[in-house]
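Enquirer: With our numbering as the guide, the letters of the sequence shown map in order to residues 54 to 638. Every residue gets a Cβ at the ideal spot worked out from N, C-alpha and C, and that includes glycine. The structure presented is a predicted model; accordingly, all values stated were derived computationally and were not measured.
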Amino acid sequence: MHSICLKSMEHATKNAAVIQRELLQQILEKNAGTEYLTRHGLDEESNLVDGFHKLPLVEYNDIEADIKRIADGDTGRILCSDPISQFFISSGTTTGRSKLIPVTKEAVDQAHNRVFTINPDETYLAFWFASKQSLTKGGFKAETVTTSGLNSAHFKRAAASFVTPHKIFQSTSMYQCLYCHLLCGLLRREEVTVVISAFAFALTEAFRVLEQVWSELLEDIEAGSLSSRITDPILRLAMSGIAPPSPELAEQLRREFRSFSMDGIVQRLWPNAKSVVAVTTGAMAPYAPRLRALAGKTPLVCGNYFSSECLIGINLSPASSPATFTVNPEFAYFEFLSYHDGETKLNGLEEQRPVGLTEVTIGEKYEIVVTTRSGTFCFQVLRFSPCQTLEFTGLYRYRLGDVVQVAGFFNSSPSLRFLFRRNVVMSVATDKTDEFELQAVVHKASLLLRSSSQLHDFAGYADFSSIPGHYAIFWELNHGGSMDPSTLQDCCELLDVSLNDPYLRGRSSGAIGPLKLCVVRGGSFRELFEQHVARGGSGSQYKSCRCVASKQAIDLLRRNTLQQALSSKFPNPWKLSIKSLELDQ
C-alpha cells in the first residue's frame, strides 16, 4: 500500500473514538438547520451530538421522497447545507432498482480529481465500463460513480498508465469495449503490471469472452486491423492506427492458446503482471476459485470495501484470504446493529441504539449504519494507488444493508469481513436463508459433482407458485449442459437437509414444500448480466444476486431450465444423510 495512505490509516485508527466524535460534531454543525434534521428535533439551538439519537434509523425507502424532491428540482436545504449538483446511481443488482445518491459539486470535483489517481509506475489493463447517463426531472445529471470518473478530465490526464486509449473507456457499448480492452492488453502484453476490475464477475466475463474470440483477436494483431464486430464509431476512431501488423506476436500468442488450457492464462499472456485485482467477497466469492485458476501464479488481490453511499474499509493485507477491511474512522460516522439468527436486533423498540465503531465485539455480526460527511477524507481504491478523496452527502443513520463480521482490530478500529446483504434472503415461512448460507450449502452439495469446479454459477428464490411454497435453486454447469439424473437428485436431497434449523422444521412440519434444483443451459447467468446492462445498469458495478427477487430474472432462469429434481418426502430433520455426514468430515 502507498506509504502516505498507510500512515494516514495508522494515525486515524489509533484515535478512532476521538475522530468519530469530532466527525459527528462537524457533520451536524455543518448541516444544522436543514429540513431533515429540524423535522426530527435537531434545530440550530439544540445540543446536536446529544440529540443525534433522536434521528431514526432509516433505509432508502424512508428518505426516497426527500431525494425525489431534490432530483425534481427543489433547491431548499433538505438533506444538507451545500447545494446538490448531481446524483450517483447505485448498481441496482440487489433489489432490481437503482438508488439515487445525492452529491455536491465539491464531491464530484474531488471524485474526478482523485478516484482514478493511480501509481504511475504501474501499467493497468483495466476492465472498467461506462454506462449511460441520464437526467432527473429537475435537470440533474445521474450516473454511476465509475461512469463519472471515466468521463472526467482527471482520468484523461492519467491515460498513460493504461494500455487502453482513454476514449475506449467512454464508450457505453460494453462488449465492444471489452474486445478493445483485450486487444490492447495483448498488443502491449509486456507492459501490463496490474489486471483489474471493480468486481470479480466482470473479470470472469472478460476471460470467458477471451476464450471465445482469441482467434479473432490474433487475426487483428496479425493484420493490424480491427474486427468488423466493432461498430461503435468512438471505438473505431480510438483504435485507428493503434498498432502495425505483427505476425510474430500473433503466432507467439497463438501457441499459448493452442497448447494450454485457460488455467494460468494471466501469467502466460501478461508475464510482468504483479496482481489481479477485484472484489471477491460476498456474492463475488464463488468466482474467486475460477479467477485463481486463471491467474495461475499471479496473486489474486481483493479490492477495497465501498458502496454507492460511502466508502467503508481498506484491505490492508491484500493477499490474505478471506479478505478483511479495516474501517478508517474518517470515512463516515459509523454505527453497528447487532445481527443474529437472520434479524437485526435493536436495543429496545424505541431506543434503537446501535454500538459505535470502537465498541464492536470480535466474532459478532453487525449491520452497518452510516452518517455521511460533507468533507473530504482519504481512501485507496487501487492496491498501488496513493490516498484519494471522495464525498457523499445527506445521509443520517442510514442502514446500508450490509452484514459484516468483526475479524479483529487494527489499533482501535475494527477489521470487517463482508458477509452478505441483509435484505437478500429466501423465506417461505419462519425460515430465512441469506446469501452467505446459500453459498455454503451450494458449495457443500457441489462436492457431489465430479469436481466442484464444474459448477459455474447459481442462484435461488422462494417459489410460491404452488402451496406450500418451496425453495428453487438454479445451477449452471461449466460445460453448459445437463447432468447425470442420479447425481442431480443426490445434490437436491443434500441441499434440502443442509439448510438452517427453521427451514428444517418447516420442511418436517409441511410448512415448506420439497426443494427444487434446476439445471439451466449455458450462458443463462451471462444473460442475466446482459439483461442488467440492457436496462442501463453498470457493467463495472454488476454484482450477482444469489437470492433472486426480480421477476424478470426468475422468468429467464425458468425458461432456460434443462432439467430439474424435487427433494423427496422430508425425513427427521435431525437425522442427516450418510453422504452429508461424510462431506462434513
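Look at the alpha carbon of F41 and the alpha carbon of I287, and state the distance between them as a whole number of angstroms.
Expert: Only positions 54 to 638 of the chain appear in the structure, and residue 41 is not among them; the question remains open.
Enquirer: Less than 6 Å between C-beta atoms, sequence neighbours within five positions excluded: which residues of the same chain meet that for T333?
Expert: For T333, where only same-chain residues beyond five positions count, the Cβ hits under 6 Å are A253, A341, C355.
Enquirer: Report yes if the C-beta distance between G447 and L132 is below 8 Å; otherwise report no.
Expert: In contact: G447 and L132 (Cβ atoms closer than 8 Å).
Enquirer: Where does the unbroken beta strand (DSSP E) through V156 begin, and where does it stop?
Expert: 153 to 157 is the extent of the beta strand (DSSP E) around V156.
Enquirer: Any heavy atom of the ligand NAP closer than 7 Å to the beta-carbon of F310?
Expert: For the structure depicted, the ligand NAP is absent and the ligand set is empty, with no information on it obtainable.
Enquirer: Report the rounded CA-to-CA distance for S360 versus R560, giving the unit in angstroms.
Expert: In a straight line, the C-alpha of S360 is about 37 Å away from that of R560.
Enquirer: D125 and T189: beta carbons closer than 8 Å?
Expert: It is a contact, given that the beta carbons lie within the stated cut-off.
Enquirer: Please classify R474 as buried or exposed, where buried requires at least 16 other C-beta atoms within 10 Å of its C-beta.
Expert: Result: buried.
Enquirer: Verify whether the separation of the beta carbon atoms of L530 and V495 is less than 8 Å.
Expert: Contact flag unset, no.
Enquirer: Could you give the residue range of the alpha helix (DSSP H) that holds C233?
Expert: Residues 227 to 240.
Enquirer: Quick check: the Cα distance between A69 and S61, rounded to an integer number of angstroms?
Expert: Straight-line Cα distance between these residues: approximately 12 Å.
Enquirer: May I have a chain-ordered list of the beta strand (DSSP E) segments no shorter than 3 residues that lie completely inside the stretch 83 to 152?
Expert: Within the stretch 83 to 152, the complete beta strand (DSSP E) runs of at least 3 residues are 137 to 142.
Enquirer: Tell me, which residues are paired with Y524 by DSSP?
Expert: DSSP lists A515 as partners of Y524.
Enquirer: From what residue to what residue does the alpha helix (DSSP H) around T199 run?
Expert: Residues 198 to 203.
Enquirer: Give the secondary structure of L59 by DSSP, where H, G and I count as helix, E and B as strand, and everything else as coil.
Expert: Reduced to three states, the DSSP call for L59 is helix.
Enquirer: Run the CB neighbour count on F430, radius 10 Å, all protein chains shown included, and call it buried at 16 or more, exposed below.
Expert: Only weak support exists for where F430 lies, its pLDDT of 34 falling under 50; the coordinates are left without a value.
Enquirer: Helix, strand or coil: which one does DSSP assign to S597?
Expert: Coil, per DSSP.
Enquirer: So, under 8 Å CB-CB, D516 and A525 are touching, yes? Tell me the CB distance rounded to an integer number of Å.
Expert: With 8 Å as the limit, D516 and A525 qualify as a contact, their Cβ atoms being about 4 Å apart.
Enquirer: What's the C-alpha gap between N84 and C363?
Expert: Cα-Cα distance, rounded: 18 Å.
Enquirer: Taking T217 as the reference, give the member of H207, L231, V156 with the closest Cα.
Expert: For T217, the nearest C-alpha among the options comes from L231.
Enquirer: Which term fits H64, buried or exposed, when burial requires 16 or more other beta carbons within 10 angstroms of its beta carbon?
Expert: The residue is exposed, with fewer than 16 neighbouring Cβ atoms inside 10 Å.
Enquirer: Name the DSSP beta bridge partners of K569, please?
Expert: Partner(s): A525, L619.
Enquirer: Whole angstroms are fine: how far does the CA of E175 sit from the CA of R210?
Expert: C-alpha separation (whole angstroms): 15 Å.
Enquirer: Exposed or buried, which one is R426 when buried takes at least 16 other CB atoms within 10 Å?
Expert: Buried.
Enquirer: Work out the CA separation of K327 and D487 for me, nearest whole Å.
Expert: The alpha-carbon atoms of D487 and K327 are separated by roughly 35 Å.
Enquirer: Let me check one thing: in DSSP terms, what residues is G366 bridge-paired to?
Expert: Bridge partners of G366: Y358, V380.
Enquirer: Checking the sheet assignment: what are the DSSP bridge partners for T614?
Expert: Partner(s): V573.
Enquirer: Roughly how many whole angstroms lie between the Cα atoms of K622 and E88?
Expert: Between K622 and E88, the C-alpha separation is close to 58 Å.
Enquirer: When you compare only the Cα positions, how much space is there between G335 and S374?
Expert: Taking the straight line joining both Cα atoms gives about 13 Å.
Enquirer: According to DSSP, which residues form a beta bridge with G409?
Expert: The partner list for G409 (beta bridge, DSSP) reads E388.
Enquirer: If you draw a straight line from the C-alpha of C440 to the C-alpha of I171, how long is it?
Expert: Here C440 scores only 34 on pLDDT, less than 50, and its place in the model should not be relied on; the value that follows carries that caveat. Their backbone Cα atoms lie some 9 Å apart in a straight line.
Enquirer: Does DSSP put S499 in a helix, a strand or coil?
Expert: Three-state result, S499: helix.
Enquirer: Would you call S151 buried or exposed, if buried means 16 or more other Cβ atoms sit within 10 Å of its Cβ?
Expert: S151 should be labelled buried.
Enquirer: Decide if F215 is buried, meaning its Cβ has at least 16 other Cβ atoms within 10 Å, or exposed.
Expert: Result: buried.
Enquirer: Restricting to Cα atoms, I'd like to know which of Y177, R406, A346 is closest to R261.
Expert: Closest option to R261, Cα to Cα, is A346.
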